[in-house]
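Colleague:
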Amino acid sequence: MSGRLNEARRVVIKIGSSTLVAPEGEPRRVWLNGLAADIAALKAQGADVVVVSSGAIALGRRRLKLASGALKLEEAQAAASVGQIALAEAWTEALAANGLTAAQILLTLDDTEERRRYLNARATIGALLTLNAVPVINENDTVATAEIRFGDNDRLAARVAAMIGADALVLLSDIDGLYTDNPVKNADAKFLPEIAEITPAIEAMAGRPGSDMGSGGMVTKLLAAKIATAAGCHMAIALGQIDRPLKRLAEGGRCTWVLAKSNPAAARKQWILGALKPAGTLTLDAGAETALRSGKSLLPIGVTAVDGRFERGDAVIVRGPSGAEIARGLVAYDSDEARRLVGRRSSEIETVLGYPGRAAMIHRDDLVVV
-13 MSGRLNEARR VVIKIGSSTL VAPEGEPRRV WLNGLAADIA ALKAQGADVV VVSSGAIALG
47 RRRLKLASGA LKLEEAQAAA SVGQIALAEA WTEALAANGL TAAQILLTLD DTEERRRYLN
107 ARATIGALLT LNAVPVINEN DTVATAEIRF GDNDRLAARV AAMIGADALV LLSDIDGLYT
167 DNPVKNADAK FLPEIAEITP AIEAMAGRPG SDMGSGGMVT KLLAAKIATA AGCHMAIALG
227 QIDRPLKRLA EGGRCTWVLA KSNPAAARKQ WILGALKPAG TLTLDAGAET ALRSGKSLLP
287 IGVTAVDGRF ERGDAVIVRG PSGAEIARGL VAYDSDEARR LVGRRSSEIE TVLGYPGRAA
347 MIHRDDLVVV
């Protein structure tokens, strides 16, 4: 099962607060340097790596001298504001020591749900990966409009994995995987190295959050697993509080793998084809239809007509010259802009729209030929 990590081309690593932050409220810098070395090793193998890191509130509360125990919402947000600077600094130093560039991104769960913000976040992360940076993502607690709930970064990591088409999601935690019962309280609890499907029986095995410093628990990890595996991403729950945790995992170290039934590309294509309601239609010429059937992106020059009203990122039906549906995809422009680009070359986009837009009307990664 170690091959799932070694063979992954795009990996999301989630680190909990209790794993990254020592009890005295400071980053575990030696451990973090080892993790950064593991990330550098994955990248040397050709993998893209994205980090979702908790720890801002835990770091900030010490600097603000806040008492132990539960925090009020405004106190948690203040601690996150202060701690985010310390968290970014710790990651920057650790990654730089291994020849890597850190990039900070603050997201909320809403950013992964609202279509336009989702697309902007996805494009930014994609650009950073192309530029060989390591995006370090954290929940944007300082602007949360609802109570900061336990486990948000588990779910956020899963949604980021789905957003960017990751092959593997690794949750580094304070436990080495899923058991049939709480292993601390029940010596007969059995370790589960692999889960093919999250059934009600599996969910019943998950306990309540048990870490004093972190906010997650096995319940939220299984919720994250549902999100990740539905997007074609395998997910591992592994012990983080050991030296070089990813190296050990790659070498076959103990963990629980929750398996996806498809790969990210297939899951995304099925989502585009079956789960989204089309908001409009693009009609193509014969040359564009041939290009699409050969695996190319749809360029504006091949579009002959635009019907309906839609926003960037909406699903649209693509029809050939005969009027028959030949594909569905996520369009890169809203309907008004798309109409202005009909029949235009990609080199003319900036002149027509006044800004340098995307070259494709629908990128091949966002297109399903039927």
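In this text, residue positions in the sequence shown follow our numbering: the first is -13, and each later residue adds one. The beta-carbon is built from N, C-alpha and C at its ideal position, and this holds for glycine as well. For clarity, every value in this text was computed on a predicted model and none was experimentally measured.
At the level of alpha carbons, what is the spacing between Leu209 and Lys51?
Modeller: Counting from 1 along the sequence shown, the entry for residue 209 is found at position 223. Counting from 1 along the sequence shown, the entry for residue 51 is found at position 65. Approximately 33 Å, taken between the alpha carbons.
Colleague: Tell me the residue span of the beta strand (DSSP E) that contains Met221.
Modeller: Looking up residue 221 in the sequence shown gives position 235. Note, Met221: beta strand (DSSP E), His220 to Leu225.
Colleague: Determine the extent of the beta strand (DSSP E) in which Asn19 is found, giving its start and end residues.
Modeller: As a first step, residue 19 is located in the sequence shown; it is residue number 33 there, counting from the start. Segment Arg15 to Ala30 is the alpha helix (DSSP H) holding Asn19; no beta strand (DSSP E) there.
Colleague: Write down every uninterrupted run of the alpha helix (DSSP H) in the region 228 to 316 whose length is 4 residues or greater and which is fully enclosed by it, in chain order.
Modeller: Fully enclosed alpha helix (DSSP H) runs of 4 or longer: 231 to 236, 250 to 256 and 272 to 279.
Colleague: Taking its Cβ as the centre, do 16 or more other Cβ atoms sit within 10 Å of Leu28, making it buried, or is it exposed?
Modeller: Translated into the one-based positions of the sequence shown, residue 28 becomes position 42. Leu28 comes out buried.
Colleague: Would you give the residue range spanned by the beta strand (DSSP E) that Leu57 belongs to?
Modeller: The residue labelled residue 57 in the question sits at position 71 within the sequence shown. Where Leu57 is concerned, there is no enclosing beta strand (DSSP E), given that its DSSP letter is neither H nor E.
Colleague: So Gly158 and Gly69 are in contact, right, with Cβ under 8 Å, and what is the actual spacing, rounded?
Modeller: Taking the sequence shown and counting its residues from 1, the one referred to as residue 158 is at position 172. Taking the sequence shown and counting its residues from 1, the one referred to as residue 69 is at position 83. It should be noted that the sequence gives Leu, not Gly, for residue 158. Not quite, the Cβ-Cβ distance comes to about 19 Å (not below 8 Å), so this is no contact.
Colleague: I need the boundaries of the alpha helix (DSSP H) containing Thr94, first residue and last residue.
Modeller: What you label residue 94 is simply residue 108 of the sequence shown in a count that begins at 1. From DSSP, Thr94 is part of no alpha helix (DSSP H); its letter is neither H nor E.
Colleague: Closer than 8 Å, CB to CB, is Lys207 near chain C or not?
Modeller: This model lacks chain C altogether, as it is built from one protein chain only.
Colleague: Closest to Ala187 by C-alpha separation, out of Asn172, Ala274 and Leu164, would be which residue?
Modeller: Along the sequence shown, read from residue 1 onward, the residue named residue 187 stands at position 201. Nearest C-alpha to Ala187: Leu164.
Colleague: When you compare only the Cα positions, how much space is there between Thr78 and Glu180?
Modeller: In the sequence shown, residue 78 corresponds to position 92, counting from 1. In the sequence shown, residue 180 corresponds to position 194, counting from 1. Spanning the two alpha carbons is a distance of roughly 34 Å.
Colleague: Which complete alpha helix (DSSP H) runs does the region 100 to 165 hold, if anything under 4 residues is left out?
Modeller: Taking only runs of at least 4 residues, the alpha helix (DSSP H) segments lying wholly in the region 100 to 165 are 101 to 116 and 138 to 150.
Colleague: Quick one, are the C-beta atoms of Arg330 and Ile287 less than 8 Å apart?
Modeller: As a working mapping, residue 330 is identified with position 344 in the sequence shown. As a working mapping, residue 287 is identified with position 301 in the sequence shown. In this structure, Ile287 lies closer than 8 Å to Arg330 by Cβ.
Colleague: Alpha carbon to alpha carbon, how far is Asn84 from Gly239? Give it in angstroms, no decimals.
Modeller: Within the sequence shown, numbered from 1, the residue matching residue 239 stands at position 253. Within the sequence shown, numbered from 1, the residue matching residue 84 stands at position 98. Spanning the two alpha carbons is a distance of roughly 23 Å.
Colleague: Candidates Leu117, Gly299 and Glu275: which alpha carbon is nearest Val289's?
Modeller: As a working note, residue 289 is residue 303 in the sequence shown. Of the candidates Leu117, Gly299 and Glu275, the one whose C-alpha sits nearest the C-alpha of Val289 is Glu275.
Colleague: I need the straight-line Cα distance from Ile1 to Ile91, nearest angstrom please.
Modeller: The sequence position of residue 1 within the sequence shown is 15, counting from 1. The sequence position of residue 91 within the sequence shown is 105, counting from 1. If I take the Cα positions, the gap works out to 15 Å.
Colleague: Pair every Cβ in the region 144 to 156 with every Cβ in the region 213 to 227, then say whether three or more of these pairs are closer than 8 Å.
Modeller: Counting Cβ pairs under 8 Å, three or more are found: they touch.
Colleague: Between which two residues does the beta strand (DSSP E) carrying Arg(-4) extend?
Modeller: Within the sequence shown, numbered from 1, the residue matching residue -4 stands at position 10. That run of the beta strand (DSSP E) goes Arg(-4) to Ile1.
Colleague: First and last residue of the beta strand (DSSP E) that includes Ser39?
Modeller: Within the sequence shown, the letter at position 53 stands for residue 39. Unbroken beta strand (DSSP E) run through Ser39: Asp34 to Ser39.
Colleague: Got a sec, what are the start and stop residues for the alpha helix (DSSP H) Leu209 sits in?
Modeller: By 1-based counting over the sequence shown, the position of residue 209 is 223. Taken as a continuous stretch (DSSP letters only), the alpha helix (DSSP H) holding Leu209 covers Met204 to Ala216.
Colleague: Where DSSP assigns a beta bridge to Ile181, which residues make up the other side?
Modeller: Taking the first residue of the sequence shown as 1, we reach residue 181 at position 195. Ile181 is bridged to Val244.
Colleague: Express the C-alpha separation of Val244 and Ala192 in angstroms, rounding to a whole number.
Modeller: By one-based count along the sequence shown, residue 192 stands at place 206. By one-based count along the sequence shown, residue 244 stands at place 258. Answer to the nearest angstrom: the Cα atoms are 14 Å apart.
Colleague: Taking the straight line between their C-alpha atoms, what separation do you get for Arg(-10) and Val328?
Modeller: Here residue -10 corresponds to residue number 4 of the sequence shown, with the count starting at 1. Here residue 328 corresponds to residue number 342 of the sequence shown, with the count starting at 1. So the alpha carbons of these two residues sit roughly 44 Å apart.
Colleague: By DSSP's criteria, Leu353 is part of a beta bridge. Which residues make up the other side?
Modeller: Numbered from 1 along the sequence shown, position 367 holds the residue referred to as residue 353. Answer is Gly315.
Colleague: For Val7, list the residues DSSP reports as bridge partners.
Modeller: Here residue 7 refers to the residue found at position 21 when the sequence shown is read from its first residue. Note: Val7 sits in a beta bridge opposite Pro13.
Colleague: By how many angstroms is the C-alpha of Ile(-1) removed from the C-alpha of Arg15?
Modeller: Against the sequence shown, residue 15 aligns to sequence position 29. Against the sequence shown, residue -1 aligns to sequence position 13. Looking at the two C-alpha atoms, the distance is approximately 17 Å.
Colleague: Assuming Ala89 contacts Ala119 under a Cβ cut-off of 8 Å, what Cβ separation, rounded to an integer in Å, is found between them?
Modeller: Mapped onto the sequence shown, residue 89 falls at position 103. Mapped onto the sequence shown, residue 119 falls at position 133. Their Cβ separation, rounded to whole angstroms, is 4 Å, which keeps Ala89 and Ala119 in contact under 8 Å.
Colleague: Using CA coordinates, which residue listed in Lys171, Asp300 and Ser332 is at the minimum distance from Ser283?
Modeller: By one-based count along the sequence shown, residue 283 stands at place 297. Looking at the Cα atoms, Ser332 is the closest of the given residues.
Colleague: Between which two residues does the alpha helix (DSSP H) containing Gly46 stretch?
Modeller: Start at 1 with the first residue of the sequence shown, and residue 46 comes out as number 60. Here the alpha helix (DSSP H) through Gly46 covers Ala42 to Arg49.
Colleague: If I follow the unbroken alpha helix (DSSP H) through Asp322, where does it start and stop?
Modeller: For this step, residue 322 is matched to residue 336 along the sequence shown. Where Asp322 is concerned, the enclosing alpha helix (DSSP H) stretches over Ser321 to Leu327.
Colleague: How do the region 247 to 254 and the region 227 to 234 stand: do at least 3 beta-carbon pairs fall below 8 Å, yes or no?
Modeller: Contact between the region 247 to 254 and the region 227 to 234 is absent, because fewer than three Cβ pairs lie under 8 Å.
Colleague: Out of Asn126, Val35 and Gly32, state which residue places its alpha-carbon closest to the alpha-carbon of Ile71.
Modeller: Residue numbering aside, residue 71 sits at position 85 when the sequence shown is read from its first letter. Ranking the options by Cα distance to Ile71, first place goes to Asn126.
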